């Protein structure tokens with residue numbers, strides 16, 4: 274990927290490549306460009322950079338505005354330079370929560386002419402070999418005895434292709450927000466929370482962000498934390514939802530934390546706490562949950578920053594997106610007959626076997642295609658059935674999944 278904006282690369286398995294696994298960015302310098310808001314999360318990358326060198330499992334080049342690389346599992350890269358490789362001009366990255374397994378053979382992280390505005394923290398590796406360059410880093414853990422801590426194992430187990438289909442269709446959207454609307458219409462405010470106009474930090478952009486209302490700030494006026502921001506949405510029992518959002522610290526470089534919950538009638542689904550500490554750099558987060566009941570739910574963000582860290586700093590929130598990402602199954606469709614044939618368009622589906630009723634004594638519809646058609650998610654397909662002679666041009670029936 275070259276000059277991309279707000280691009281998400283989620284839960285892929287990438288392996289057996291002669292060069293880099295994921296390459297993001299272009300341009301050998303810190304010149305401001307179109308690139309911003311990219312999100313690489315939950316990928317399983319191994320056995321790459323097998324023939325060439327000067328690459329990485331994840332390779333970055335040029336300025337990135339508010340990019341996030343989180344909770345990926347990288348391993349088995351035989352050649353240089355580093356599994357996480359931030360090359361010339363790489364800037365404005367949040368790199369956290371990744372597990373990097375090298376066998377202590379090569380660098381788990383390499384910065385070439387890096388910038389202090391790359392923040393590398395809370396990562397796990399079995400190697401003490403790295404070149405942080407000028408990057409800002411803290412709490413990166415080296416595992417020496419092969420016993421990986423529980424958080425690292427959880428990241429490893431979750432990386433790679435997901436069991437659910439993510440972001441199947443924009444039509445499934447429950448809530449899509451860029452920046453927040455003026456007056457925070459549709460949101461409920463508890464405590465010191467306010468819209469912030471023009472707080473964009475550089476060239477951070479979002480096509481869905483209204484001008485002048487890019488984000489909200491918690492702990493406005495250095496008041497003690499504890500404020501909340503919430504909105505309601507309708508959900509169906511058993512459906513899976515994906516919540517993503519961008520968070521940043523504003524003011525001093527102190528840990529600023531938001532706790533995210535889904536409130537049901539008699540239950541709270543805790544989605545965890547996200548903490549940012551780099552002043553002015555947005556990090557992207559993704560949370561997955563399943564609704565237990567059908568009905569109206571509440572999405573709530575709560576400022577849980579400690580009082581000491583709240584003094585002189587706020588926590589910013591923007592680009593909140595909530596989507597129903599459950600797989601779509603066949604629905605009842607009505608089809609008509611013309612000239613002895615008919616065509617039916619199916620929505621998102623998996624594998625199903627379809628039959629039809631008799632139109633007369635011994636007369637049945639027959640499949641002109643394989644009775645177990647594979648349908649790519651997001652792309653309707655066409656199936657043709659043949660009517661035995663004589664054709665009945667006005668016959669209708671309903672197909673059942």
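Residue numbers (the numbering used here): 274 to 674. For glycine and all other residues, C-beta sits at the position ideal for the given N, C-alpha and C. As the structure is a prediction and not an experimental result, all values here were calculated from the model.
Option in the options with minimal Cα separation from residue i
| i | options | result |
| --- | --- | --- |
| residue 339 | 595, 598, 590 and 599 | 590 |
| residue 386 | 517, 285 and 302 | 302 |
| residue 407 | 361, 431, 488 and 422 | 361 |
| residue 367 | 336, 354, 374 and 352 | 336 |
| residue 364 | 376, 390 and 286 | 390 |
| residue 316 | 520, 346 and 297 | 346 |
| residue 491 | 598, 519 and 529 | 529 |
| residue 297 | 433, 291, 397 and 279 | 279 |
| residue 274 | 331, 413 and 304 | 331 |
| residue 410 | 395, 418 and 416 | 395 |
| residue 548 | 527, 535 and 359 | 527 |
| residue 356 | 402, 578, 513 and 550 | 402 |
| residue 599 | 534, 514 and 533 | 514 |
| residue 521 | 496, 488, 435 and 465 | 488 |
| residue 308 | 287, 294, 334 and 291 | 334 |
| residue 369 | 434, 546 and 393 | 393 |
Paired residues, beta bridge with residue i - DSSP
| i | result |
| --- | --- |
| residue 309 | 278 and 338 |
| residue 524 | 586 |
| residue 403 | 382 |
| residue 466 | 491 |
| residue 346 | 317 and 372 |
| residue 557 | 519 |
| residue 366 | 340 |
| residue 398 | 373 and 415 |
| residue 573 | 503 and 534 |
| residue 542 | 535 |
| residue 461 | 503 |
| residue 428 | For residue 428, which the question treats as bridged, DSSP gives no partner whatsoever. |
| residue 283 | 314 |
| residue 448 | 595 |
Residue i to residue j span [Cα, whole Å]
| i | j | result |
| --- | --- | --- |
| residue 537 | residue 289 | 44 Å |
| residue 314 | residue 552 | 22 Å |
| residue 493 | residue 581 | 15 Å |
| residue 507 | residue 559 | 20 Å |
| residue 444 | residue 597 | Any reading at residue 444 needs caution, since the residue's pLDDT is 42, under 50, leaving its predicted position unreliable; the model's value is listed next. Cα-Cα distance, rounded: 9 Å. |
| residue 619 | residue 295 | Legend: pLDDT at residue 619 = 39, less than 50; position of this residue unreliable, no value from coordinates given. |
| residue 578 | residue 502 | 14 Å |
| residue 467 | residue 413 | 34 Å |
| residue 421 | residue 342 | 20 Å |
Residues near residue i by beta carbon distance below 8 Å, same chain, minus five either side
| i | result |
| --- | --- |
| residue 352 | 322, 323, 324, 325, 326, 328 and 379 |
| residue 505 | 569, 570, 571 and 572 |
| residue 432 | 284, 315, 316, 317, 344, 345, 346 and 372 |
Neighbourhood of residue i by C-beta, 7 Å cutoff - its chain only, sequence neighbours within 5 removed
| i | result |
| --- | --- |
| residue 524 | 552, 585, 586 and 587 |
| residue 576 | 491, 492, 498, 499, 500, 531 and 588 |
| residue 276 | 299, 306, 307 and 308 |
Neighbourhood of residue i by C-beta distance below 6 Å, restricted to the same chain and skipping five residues each side
| i | result |
| --- | --- |
| residue 519 | 555, 557, 591 and 592 |
| residue 281 | 312 |
| residue 732 | This structure gives no information on residue 732, because the portion of the chain shown stretches from 274 to 674. |
Next item on the list: Decide yes or no for the touch test of the region 531 to 549 against the region 562 to 570: beta carbon pairs closer than 8 Å, at least 3 of them.
Entry: yes
Check: Is it a yes or a no for the region 416 to 432 touching the region 454 to 461, going by three-plus beta-carbon pairs under 8 Å?
Finding: no
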